[in-house]
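Chemist:
Number of protein chains: 2
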Amino acid sequence: MTTSADIRTPLSPTPRSTLTRYRGQRDATDRAALDAVLDTGTVCHLGVLMHGAPVVVPTIYGRDGDTLYLHGSTGAGNLRTAMTGDVCVSVTLVDGIVYARAVMHFSMNYRSAVIHGRPVELTDQDERLHALRVIVEHAAPGAWDNARPPTKKELAATTVLSLDLTEASVKTRAGDPSDDESDLASDTWAGVLPIRQTFGDPITSADLTPGIAVPEHVRTRNATS
Amino acid sequence: MTTSADIRTPLSPTPRSTLTRYRGQRDATDRAALDAVLDTGTVCHLGVLMHGAPVVVPTIYGRDGDTLYLHGSTGAGNLRTAMTGDVCVSVTLVDGIVYARAVMHFSMNYRSAVIHGRPVELTDQDERLHALRVIVEHAAPGAWDNARPPTKKELAATTVLSLDLTEASVKTRAGDPSDDESDLASDTWAGVLPIRQTFGDPITSADLTPGIAVPEHVRTRNATS
Chain A
0 MTTSADIRTP LSPTPRSTLT RYRGQRDATD RAALDAVLDT GTVCHLGVLM
50 HGAPVVVPTI YGRDGDTLYL HGSTGAGNLR TAMTGDVCVS VTLVDGIVYA
100 RAVMHFSMNY RSAVIHGRPV ELTDQDERLH ALRVIVEHAA PGAWDNARPP
150 TKKELAATTV LSLDLTEASV KTRAGDPSDD ESDLASDTWA GVLPIRQTFG
200 DPITSADLTP GIAVPEHVRT RNATS
Chain B
0 MTTSADIRTP LSPTPRSTLT RYRGQRDATD RAALDAVLDT GTVCHLGVLM
50 HGAPVVVPTI YGRDGDTLYL HGSTGAGNLR TAMTGDVCVS VTLVDGIVYA
100 RAVMHFSMNY RSAVIHGRPV ELTDQDERLH ALRVIVEHAA PGAWDNARPP
150 TKKELAATTV LSLDLTEASV KTRAGDPSDD ESDLASDTWA GVLPIRQTFG
200 DPITSADLTP GIAVPEHVRT RNATS
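What follows is the structure, encoded as structure tokens:
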């Protein structure tokens, strides 16, 4: 998915992308961690400011190098708004539920990326096509070259945005619960219940021409997290 | 989890909680759909306005009747900010990847709840304890009564917020791809690759007193979606 991996900008956390809690403990502000979270995630949550209040909606995305791509209908209000100010994109992988000996130490194991910035609308047709390919290939690797390309009309009805990944942070919690020393002798069980995202068997569309087999890029796809 | 299910307010969508696209097709503004998404989800994405821009972070939550509860450290900037203005909470269940015959029709199957409102900080100790129980029981059903209750010091270090579920919307996509009539005879496979969230085997904390078995409420837990 990454085509410009050789030239990478270091993450440049700003106050709002720098964690105020657990600094040095749960944050890992390096490119590899950010890339891993973004490439493993399925949907992001896009936060925009509409009529003075935040609006958060899920959407698919794709990453190429230091750029995150988003797309949507030209009629989608949140994308129109996204072009007029800063947005926040959050991608979260939930890895497990942390059972502690004390109720206030229950927690989640997770990997989370948070990106701030002002998206730019892509207008160059080649750039737009590249971004759409990156988004579709992120959601469905191997699919782009096997499906009908966009028509001019479809492209005209689609807004494509790019968001620079410079102002971003990654936060991770992993491992055992963090119980108080004084609770360690408790007879309450403590540990982690892992959560995994897996794929089920492909369901062929009811209106598919009979005889078309599930292609290898679908059949052999592995779990995303 | 619901203790006040008998008295329910109907959803009251406002312009910002009403879908501008696919109206009547993908929105299902009824309580049962909202409750189902919130009760099935593991984390929500909380969007707040900080320094004039949206900030979106994942956090656990719980629902009781028409109220969503959130909590965090008193030192968490996003919770402090959440009390001073409107927030948006989004819970998304990703159900599958929709493979279409045309690249622009690729999509996700999902169930998504979006809630708008101004959170209220809970100050009454009984209400705070109830909210914390709802949050912990949402993340780990059966856990609250088996773990050490909060101390006064722990409670003093915790912010607990309630958010009314009146201004909310649910959006769902399910089923086959929506290809154009003219693409139906294509020889490209079309269908859905289901995504499921499942639990792995419990991992006991390394520092647990030997001999404590994994309790039934952990061992027998089913997948969340």
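Protein chains in written order, with numbering that gives the first Met the number 0: chain A, 0 to 224; chain B, 0 to 224. Think of the CB as a built atom: it goes at the ideal place given N, C-alpha and C, for glycine as much as any other residue.
Would you mind telling me which residues of chain A sit closer than 9 Å to Q196/B, beta carbon to beta carbon, in chain order?
Modeler: Translated into the one-based positions of the second sequence, residue 196/B becomes position 197. Under the 9 Å cutoff, chain A gives V93, I194, R195, Q196 and T197.
Chemist: Would you mind sorting V88/B into buried or exposed? The rule is 16 or more other CB atoms within 10 Å of its CB.
Modeler: Sequence index remark: in the second sequence, residue 88/B carries index 89 (1-based). Classified as buried, V88/B has 16 or more neighbouring CB atoms from the shown chains inside 10 Å of its CB.
Chemist: State the CB to CB distance for the pair L160/B and L121/B, rounded to an integer number of angstroms; the pair is presumed to be in contact (CB under 8 Å).
Modeler: Sequence index remark: in the second sequence, residue 160/B carries index 161 (1-based). Sequence index remark: in the second sequence, residue 121/B carries index 122 (1-based). 7 Å between Cβ atoms; contact.
Chemist: If I'm right that V287/B touches A142/B with Cβ under 8 Å, what's the distance once you round it to whole angstroms?
Modeler: Outside the displayed range of chain B (0 to 224) lies residue 287/B, so it cannot be described from this structure.
Chemist: Answer with yes or no whether the minimum CB distance from Y68/B to chain A is below 8 Å.
Modeler: The residue you call residue 68/B lines up with position 69 of the second sequence. Output row for Y68/B: interface = no.
Chemist: By the DSSP assignment, the alpha helix (DSSP H) with A205/A in it spans what residues?
Modeler: Here residue 205/A corresponds to residue number 206 of the first sequence, with the count starting at 1. Per DSSP, A205/A belongs to no alpha helix (DSSP H) and is neither H nor E.
Chemist: Identify whether M103/B lies in helix, strand or coil by the three-state DSSP scheme.
Modeler: Position 104 of the second sequence holds residue 103/B. DSSP places M103/B in helix when its eight states are reduced to three.
Chemist: How would you label R115/A, buried or exposed, when you count the other beta carbons within 10 angstroms and need 16 or more for buried?
Modeler: Numbered from 1 along the first sequence, position 116 holds the residue referred to as residue 115/A. Note on identity: in this sequence residue 115/A is His, with Arg being the wrong assignment. Buried, because 16 or more other Cβ atoms sit within 10 Å of the Cβ of H115/A.
Chemist: Does the distance from the C-beta atom of V42/A to that of M103/B stay below 8 Å?
Modeler: Indexing the first sequence from 1 puts residue 42/A at position 43. Indexing the second sequence from 1 puts residue 103/B at position 104. Their beta carbons are not under 8 Å apart, which means V42/A does not touch M103/B by this criterion.
Chemist: Using the Cα positions of H44/A and H70/B, report the straight-line distance between them to the nearest angstrom.
Modeler: For this step, residue 44/A is matched to residue 45 along the first sequence. For this step, residue 70/B is matched to residue 71 along the second sequence. Spanning the two alpha carbons is a distance of roughly 20 Å.
Chemist: Here's a check: name, in chain order, each residue in its chain whose Cβ is nearer than 8 Å to the Cβ of H129/A, leaving out the five neighbours to either side.
Modeler: Counted from its first residue, the first sequence places residue 129/A at position 130. The answer, listed in chain order, is D63.
Chemist: Mind pulling the chain E residues with CB within less than 8 Å of M82/B?
Modeler: Any reference to chain E falls outside this structure, whose protein chains are A and B.
Chemist: Comparing alpha-carbon positions, which option in T171/B, D186/B and L207/B lies nearest T58/A?
Modeler: Numbered from its first residue, the first sequence carries residue 58/A at position 59. Checking every option, the nearest Cα to that of T58/A belongs to T171/B.
Chemist: Taking a cut of 9 Å between CB atoms, which residues from the segment 130-154 of chain B lie near chain A?
Modeler: Among the residues of the segment 130-154 of chain B, those with a Cβ less than 9 Å away from any Cβ of chain A are L131, R132, I134, V135, A138, A139, A142, W143, N145, A146, R147, P148, P149, T150, E153 and L154, in the order of the chain.
Chemist: What is the DSSP secondary structure of V54/B, reduced to helix, strand or coil?
Modeler: Indexing the second sequence from 1 puts residue 54/B at position 55. Strand, per DSSP.
Chemist: M82/B to D179/B, Cα distance in whole Å?
Modeler: Counting from 1 along the second sequence, the entry for residue 82/B is found at position 83. Counting from 1 along the second sequence, the entry for residue 179/B is found at position 180. Roughly 47 Å between the two C-alpha positions.
Chemist: Return no unless some Cβ of chain B is closer than 8 Å to the Cβ of A101/A.
Modeler: By 1-based counting over the first sequence, the position of residue 101/A is 102. So, interface residue.
Chemist: Determine, using beta carbons only, whether A205/B comes closer than 8 Å to chain A.
Modeler: For the purposes of this step, residue 205/B is taken as residue 206 along the second sequence, with counting starting at 1. Yes - at least one Cβ of chain A is within 8 Å of the one on A205/B.
Chemist: Could you give the distance in angstroms between the alpha-carbon of A27/A and the alpha-carbon of A167/A?
Modeler: As a working note, residue 27/A is residue 28 in the first sequence. As a working note, residue 167/A is residue 168 in the first sequence. Here the model assigns A27/A a pLDDT of 49, short of 50, so the residue's position is not dependable, and the following value carries that caveat. Their backbone Cα atoms lie some 10 Å apart in a straight line.
Chemist: Looking at the structure shown, is T166/B part of a helix, part of a strand, or coil, going by DSSP?
Modeler: Looking up residue 166/B in the second sequence gives position 167. Residue identity check: residue 166/B is Glu in the sequence provided, not Thr. In the structure shown, E166/B sits in coil (DSSP, three-state: anything other than H, G, I, E or B).
Chemist: Shorter than 8 Å from the beta carbon of V159/A to some beta carbon of chain B?
Modeler: For the purposes of this step, residue 159/A is taken as residue 160 along the first sequence, with counting starting at 1. Cβ-Cβ to chain B under 8 Å: no for V159/A.
Chemist: Exposed or buried, which one is L234/A when buried takes at least 16 other CB atoms within 10 Å?
Modeler: The requested residue 234/A is not part of the displayed model; chain A covers only 0 to 224.
Chemist: Enumerate in chain order the residues of its own chain whose CB-to-CB distance from R220/A is below 8 Å, with the five nearest sequence positions on each side excluded.
Modeler: Stepping through the first sequence from its first residue, residue 220/A is reached at position 221. Same-chain partners within the cutoff: P140 and F198.
Chemist: Need the endpoints of the beta strand (DSSP E) that L121/B sits in, please.
Modeler: Reading the second sequence from its first residue, position 122 is the one you call residue 121/B. Note, L121/B: premise wrong, no beta strand (DSSP E); not H, not E.
Chemist: For V213/B, which residues from the same chain have a beta carbon less than 6 Å from its beta carbon, with the 5 sequence-adjacent residues on both sides left out?
Modeler: Against the second sequence, residue 213/B aligns to sequence position 214. Closer than 6 Å at Cβ, skipping near neighbours: P201.
Chemist: Taking Cβ-Cβ distances shorter than 8 Å, what residues in chain A pair up with G64/B?
Modeler: Residue 64/B sits at position 65 when you count from the first residue of the second sequence. The premise fails here: G64/B is roughly 21 Å from chain A at the closest Cβ pair, so nothing lies under 8 Å.
Chemist: Can you tell me which of the three DSSP states V90/A falls into?
Modeler: For the purposes of this step, residue 90/A is taken as residue 91 along the first sequence, with counting starting at 1. Correct three-state label for V90/A: strand.
Chemist: Taking a Cβ distance cut-off of 7 Å, strictly less, list which residues of the segment 34-50 of chain B are near chain A, in chain order.
Modeler: T41, V42, H44, G46, V47, L48, M49 and H50
Chemist: Output the distance between the C-alpha atoms of I96/B and D186/B, rounded to the nearest integer angstrom.
Modeler: Reading the second sequence from its first residue, position 97 is the one you call residue 96/B. Reading the second sequence from its first residue, position 187 is the one you call residue 186/B. Near 19 Å, if we compare the C-alpha coordinates of D186/B and I96/B.
Chemist: Which two residues bound the contiguous beta strand (DSSP E) that contains T197/B?
Modeler: Position 198 of the second sequence, counted from the first residue, corresponds to residue 197/B. Run containing T197/B: G190 to F198, per the beta strand (DSSP E) assignment.
Chemist: Could you tell me which whole alpha helix (DSSP H) segments of length 4 or greater appear in the segment 126-185 of chain A?
Modeler: 151-155
Chemist: If you draw a straight line from the C-alpha of N77/A to the C-alpha of A138/A, how long is it?
Modeler: As a position in the first sequence, residue 77/A is number 78, starting the count at 1. As a position in the first sequence, residue 138/A is number 139, starting the count at 1. Roughly 21 Å between the two C-alpha positions.
Chemist: At the 8 Å Cβ level, is V169/A part of the contact set with chain B, yes or no?
Modeler: Here residue 169/A corresponds to residue number 170 of the first sequence, with the count starting at 1. No Cβ of chain B is located within less than 8 Å of the beta carbon of V169/A.
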